[in-house]
Amino acid sequence: MKISRLTPWAVALAAAGLLAVPVAASAGQQSAADAAAPVHAADATAVDSYYAPAEGKTGPALKTALHDIIKSQSKVSYDGVWNALKVTDQDPANSANVILLYSGRSQSKSTNGGGANDWNREHVWAKSHGDFGTATGPGTDLHHLRPEDVTVNSTRGNKDFDRGGSPVGEAPGSLTDADSFEPRDAVKGDVARMLFYMAVRYQGDDGFADLELNEKVNNGSAPAHGKLSLLKEWNRIDPPDAFEQRRNQVIFDTYQHNRNPFVDHPEWVDAIW
């Protein structure tokens with residue numbers, strides 16, 4: 375498949391309002407000057423070049439090519455994640471706040487912590503699925519870490535993703551039951567693309583488990599997450615929006631210097647799985 379600056383994903387990146395987004399938080403291990411730098415729109419030619427080794431590939435060959443591209447990254451400490459999320463998930467309408475993933479709530483950046491109404495660091499790929507915990511690497515990878523209300527984070531726990539259940543307090547539109555969690559409609563695709571990223575980035579060649587997607591719930595400590603068919607559906611019905619695209623660019627520019635390929639090319643999900 376030819377990667378072209380005229381493809382819809384490239385046009386969306388250029389038009390998604392990624393220009394000059396101010397940030398107020400320090401960037402953890404970054405300098406204050408770096409943290410305060412504006413975020414610029416992704417240059418389509420540069421993104422084409424980044425993915426050049428994947429051009430024309432599908433299936434396992436595409437997955438391998440993308441892994442080889444994105445495994446080259448800088449890493450953030452788990453403490454550094456706090457400040458990074460204040461930048462990556464900044465509310466576009468209020469630079470003092472972050473947007474919580476499942477709750478959709480705009481909340482003060484300063485209320486991060488462990489209290490009932492604080493926000494903390496949600497591992498979208500549950501850290502017990504592969505038993506990587508908070509280790510620098512998958513446990514601190516910003517492409518799947520998001521701010522979330524402490525209570526909602528606890529409710530989600532390490533559940534796989536599926537449909538149905540009872541409403542989740544403080545997370546309107548999200549549902550849960552004994553073995554699964556369904557996020558609100560506006561972030562279903564975001565969740566899916568974070569999991570697809572993890573399944574490509576962590577292939578067992580860097581001391582961590584080989585993470586894979588399957589059709590199960592109750593995956594427990596196995597290095598697997600479900601349900602694949604539903605995640606593919608969510609990727610199709612909720613395409614990347616400006617917030618998700620900006621987030622991908624911030625992580626690339628300021629922190630890890632790698633990208634989530636499925637935010638740039640959501641069609642690659644069906645090309646691989």
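According to the working numbering, the sequence shown is numbered sequentially starting from 375. Glycine residues also receive a C-beta, built at the ideal position from the N, C-alpha and C atoms.
With 16 other Cβ atoms within 10 Å as the buried cut-off, status of residue i
i           : result
residue 554 : buried
residue 522 : buried
residue 419 : exposed
residue 487 : exposed
residue 563 : buried
residue 631 : exposed
residue 560 : exposed
residue 614 : buried
residue 720 : One cannot answer for residue 720 here, as it falls past the ends of the chain, which runs 375 to 647.
residue 404 : In this predicted model, residue 404 has a pLDDT of only 36, less than 50, meaning its place in the structure is not dependable enough to derive any value.
residue 635 : buried
residue 618 : buried
residue 392 : For residue 392, the predicted structure reports a pLDDT of 37, less than 50, and the residue's modelled location is therefore unreliable. A value from the coordinates is still provided. Burial call: buried.
Cβ-Cβ distance between residue i and residue j below 8 angstroms
i           : j           : result
residue 455 : residue 489 : no
residue 493 : residue 519 : no
residue 504 : residue 583 : yes
residue 465 : residue 457 : no
residue 567 : residue 609 : yes
residue 580 : residue 445 : yes
residue 569 : residue 498 : yes
residue 595 : residue 528 : no
residue 452 : residue 513 : yes
residue 629 : residue 459 : no
residue 627 : residue 590 : no
residue 536 : residue 604 : yes
Sequence-distant residues of the same chain with beta carbon closer than 6 angstroms to residue i, five excluded per side
i           : result
residue 693 : Any property of residue 693 remains undetermined from this structure, which presents the chain solely from 375 to 647.
residue 592 : 553
residue 548 : 476, 542, 557, 558
residue 376 : Note on residue 376: pLDDT 37, under 50, position unreliable in the model; the coordinate value appears next. Taken in chain order, the list of residues that qualify is empty.
residue 530 : 555
residue 500 : 532
Rounded separation between residue i and residue j - CA only
i           : j           : result
residue 398 : residue 461 : Summary for residue 398: the model assigns pLDDT 30, below 50, so the residue's position carries little reliability, and this model does not support an answer.
residue 426 : residue 440 : 10 angstroms
residue 437 : residue 571 : 10 angstroms
residue 491 : residue 467 : 21 angstroms
residue 597 : residue 422 : 31 angstroms
residue 484 : residue 495 : 14 angstroms
residue 633 : residue 623 : 7 angstroms
residue 659 : residue 575 : In the structure displayed, the chain extends from 375 to 647; residue 659 sits before or after that span and is not available.
residue 447 : residue 540 : 39 angstroms
residue 442 : residue 546 : 38 angstroms
residue 379 : residue 526 : Only weak support is given to the placement of residue 379: the predicted model assigns it a pLDDT of 33, under 50, and the value that follows is read from those uncertain coordinates. Whole-angstrom Cα-Cα distance: 40 angstroms.
residue 410 : residue 432 : Here the model assigns residue 410 a pLDDT of 37, short of 50, so the residue's position is not dependable, and the following value carries that caveat. Taking the straight line joining both Cα atoms gives about 39 angstroms.
residue 508 : residue 417 : 33 angstroms
residue 577 : residue 463 : 27 angstroms
residue 429 : residue 449 : 27 angstroms
Any non-hydrogen atom of the ligand ZN closer than 7 angstroms to residue i Cβ
i           : result
residue 474 : For the structure depicted, the ligand ZN is absent and the ligand set is empty, with no information on it obtainable.
Other residues of its chain near residue i: CB distance less than 8 angstroms, five sequence neighbours each side excluded
i           : result
residue 606 : 566, 643, 644, 647
residue 538 : 549, 551, 554, 556
residue 479 : 473, 523, 544
residue 424 : 443, 633
Close-in-space but distant-in-sequence residues of the same chain around residue i (CB under 7 angstroms, 5 per side omitted)
i           : result
residue 506 : 512, 513, 582, 583
residue 482 : 470, 471
residue 625 : 462, 516, 517
In chain order, each beta strand (DSSP E) run of at least 3 residues that lies wholly inside the stretch 565-606: 586-588, 598-600
Report the start-end ranges of each alpha helix (DSSP H) in the stretch 489-548 that is 4 residues or longer and not cut off at the edges. 524-530
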